[in-house]
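Peer 1: Residue numbers (this note's numbering): 18 to 155. Cβ atoms here follow ideal geometry from the backbone N, Cα and C, with glycine treated the same way. Keep in mind it's a predicted model, so treat the numbers as computed, not measured.
1) Quick one: what's got a C-beta closer than 6 Å to residue 84's C-beta in the same chain, skipping five residues either side?
2) Would DSSP call residue 135 helix, strand or coil?
3) For residue 41, count the other beta carbons within 10 Å of its own beta carbon; 16 or more makes it buried, fewer makes it exposed. Which is it?
4) How big is the Cα-Cα spacing for residue 30 and residue 146?
5) Using 8 Å for Cβ pairs, my map puts residue 105 next to residue 70. What's the rounded Cβ distance?
6) Let me check one thing: in DSSP terms, what residues is residue 15 bridge-paired to?
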């Protein structure tokens with residue numbers, strides 16, 4: 018059985034999460050510089066069976082695409098070109114950064130660790146992927 022990868026793509030950093038092989042739960046995998054995401058994914062997919070990639074879809078409160086789409090669209094096009102055998106789906110990512118900060122507070126994470134944006138991005142990717150799993154769209 019293949020895993021599902023979740024991606025919270027940003028201009029500078031990208032959070033990456035992955036499911037277990039049974040696709041029951043998602044866990045944060047890492048945060049990488051955005052310009053290295055494709056290379057990271059290619060190396061990861063050499064080692065692990067990945068059946069789908071879920072990318073956070075940034076929407077505004079009114080439901081329209083956010084400004085971030087101008088950075089995400091070229092990434093999506095390249096991803097689909099480099100990995101045509103793996104389906105890529107978009108999933109609403111509204112409030113994931115806020116939820117990530119709340120999760121860190123609720124988990125008792127120290128202030129210094131909560132300020133680490135790499136941790137926030139990884140948690141946001143995990144939230145996107147867990148929400149996708151709970152939606153039963155896979």
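Peer 2: This is what the structure gives:
1) For the purposes of this step, residue 84 is taken as the residue at position 67 of the chain shown. Nothing meets the Cβ criterion.
2) Locating residue 135 in the chain shown gives position 118, where the first residue counts as 1. Correct three-state label for residue 135: helix.
3) Along the chain shown, read from residue 1 onward, the residue named residue 41 stands at position 24. The residue is exposed, with fewer than 16 neighbouring Cβ atoms inside 10 Å.
4) The sequence position of residue 30 within the chain shown is 13, counting from 1. The sequence position of residue 146 within the chain shown is 129, counting from 1. Their backbone Cα atoms lie some 17 Å apart in a straight line.
5) For the purposes of this step, residue 105 is identified with residue 88 of the chain shown, where counting begins at 1. For the purposes of this step, residue 70 is identified with residue 53 of the chain shown, where counting begins at 1. The beta carbons of residue 105 and residue 70 sit about 5 Å from each other, so the pair counts as a contact at 8 Å.
6) No information on residue 15 is available, as it lies outside the stretch 18 to 155 that the chain covers here.
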